[in-house]
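As structure tokens, the structure follows; a few thoughts come after it.
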Amino acid sequence: AQKVTQAQTEISVVEKEDVTLDCVYETRDTTYYLFWYKQPPSGELVFLIRRNSFDEQNEISGRYSWNFQKSTSSFNFTITASQVVDSAVYFCALSNSNFGNEKLTFGTGTRLTIIP
Amino acid sequence: GAGVSQSPSNKVTEKGKDVELRCDPISGHTALYWYRQSLGQGLEFLIYFQGNSAPDKSGLPSDRFSAERTGGSVSTLTIQRTQQEDSAVYLCASSQRGGGKNIQYFGAGTRLSVL
Numbered sequence: 001a002q003k004v005t006q007a008q009t010e011i012s013v014v015e016k017e018d019v020t021l022d023c024v025y026e027t028r029d030t031t032y033y034l035f036w037y038k039q040p041p042s043g044e045l046v047f048l049i050r051r052n053s054f055d056e057q058n059e060i061s062g063r064y065s066w067n068f069q070k071s072t073s074s075f076n077f078t079i080t081a082s083q084v085v086d087s088a089v090y091f092c093a094l095s096n097s098n099f100g101n102e103k104l105t106f107g108t109g110t111r112l113t114i115i116p
Numbered sequence: 001g002a003g004v005s006q007s008p009s010n011k012v013t014e015k016g017k018d019v020e021l022r023c024d025p026i027s028g029h030t031a032l033y034w035y036r037q038s039l040g041q042g043l044e045f046l047i048y049f050q051g052n053s054a055p056d057k058s059g060l061p062s063d064r065f066s067a068e069r070t071g072g073s074v075s076t077l078t079i080q081r082t083q084q085e086d087s088a089v090y091l092c093a094s095s096q097r098g099g100g101k102n103i104q105y106f107g108a109g110t111r112l113s114v115l
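If you're matching them up, the sequences are chains A and B in order.
The numbering used here puts the first residue of the first sequence at 1, with every later residue one more than the last.
The numbering used here puts the first residue of the second sequence at 1, with every later residue one more than the last.
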């Protein structure tokens, strides 16, 4: 069975501070995929990033960066110099590579509030 | 269209009535997914379509829930004899093809309220 844990339910930081959202996953598969999605107040889940289990390189996209560590089964997300527009609920998700079993298993989400 | 489109955006119904929720995926996407988001249960998978067939229906919570997809495009999720616990946001997603590596793109959802 697959499981994703986002232990931080809510985080509030002052604008321009850096913030890290934690994600820990469980899977028995050797090939799997990890995702982060952003859900702003409008409700639509917005795709941010996908990593596969064989690529542990960290990734940076503008103010966003992701740290994938298989040794600790973690896929953490850092926002640098946070902005009010970053306020949203962020979900970490996991899928495996098997056709016919494509579903995403989501964590419970972290509500991030950036205080101006 | 440019993104996944869901209708209606909001639906209020009385307990015991049937409802239909519609999803129009991104053009050309062969895979389509339904999820449910509720306060107590988070984001739960309901059903997955590849083309018009549904290889994975494991998330449908009861036989009151059914879904179909026609023409490899539009999908309808039907809930019969709605109950108050069905109140949730129903999200649809599509991806270019099946397979867990493919990115799922989500619609804005249908917020269902059962009175």
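Here a beta-carbon is modelled for each residue, glycine too, at the ideal position from N, C-alpha and C.
Values in this document were obtained by computation on a predicted structure and should not be read as measured data.
Could you tell me whether any Cβ in chain A is nearer than 8 Å to the Cβ of I26/B?
For I26/B, the answer is no, since every Cβ of chain A falls outside 8 Å of its Cβ.
If you run the structure through DSSP and keep just helix, strand and coil, what is Q69/A?
When DSSP states are grouped into helix, strand and coil, Q69/A belongs to the strand group.
Delimiting residues of the beta strand (DSSP E) encompassing L28/A
First, the residue type needs correcting, since residue 28/A is Arg and not Leu in the sequence shown. Counting along the chain, R28/A sits inside no beta strand (DSSP E), nor does DSSP assign it H or E at all.
Confirm, please, whether the CB-CB distance from G98/B to Q41/B is below 8 Å.
It is not a contact, given that the beta carbons lie outside the stated cut-off.
Can you pull out the residues from the stretch 19-35 of chain A whose beta carbon lies closer than 8 Å to at least one beta carbon of chain B?
Residues of the stretch 19-35 of chain A that bring their beta carbon within less than 8 Å of a beta carbon in chain B comprise Y32, Y33, F35, in sequence order.
Applying the criterion that 16 or more other CB atoms from any shown protein chain within 10 Å of the CB defines a buried residue, is L91/B buried or exposed?
When all chains shown are included, L91/B counts as buried.
Separation of I114/A from L32/B, as counted between CA atoms
Our two residues, L32/B and I114/A, have alpha carbons roughly 34 Å apart in a direct line.
Exposed or buried, what is D86/A when buried is set at 16 or more other beta-carbons lying within 10 Å of its beta-carbon?
Buried.
Against V89/B, what residues of chain A qualify as contacts under a CB-to-CB distance less than 8 Å, listed in chain order?
G43, listed in chain order.
Could you tell me which whole alpha helix (DSSP H) segments of length 4 or greater appear in the stretch 13-55 of chain B?
With a minimum length of 4 residues, there is no unbroken run of alpha helix (DSSP H) contained wholly in the stretch 13-55 of chain B.
Three-state secondary structure (DSSP) of V84/A
The answer is helix: DSSP assigns V84/A an H, G or I state.
Tell me which same chain residues have a C-beta within less than 6 Å of the C-beta of T105/A, skipping the five on either side of it?
Answer for T105/A: Q2, V4, L94, listed in chain order.
In the DSSP output, what is C92/A paired with across the bridge?
Paired residues: W36/A.
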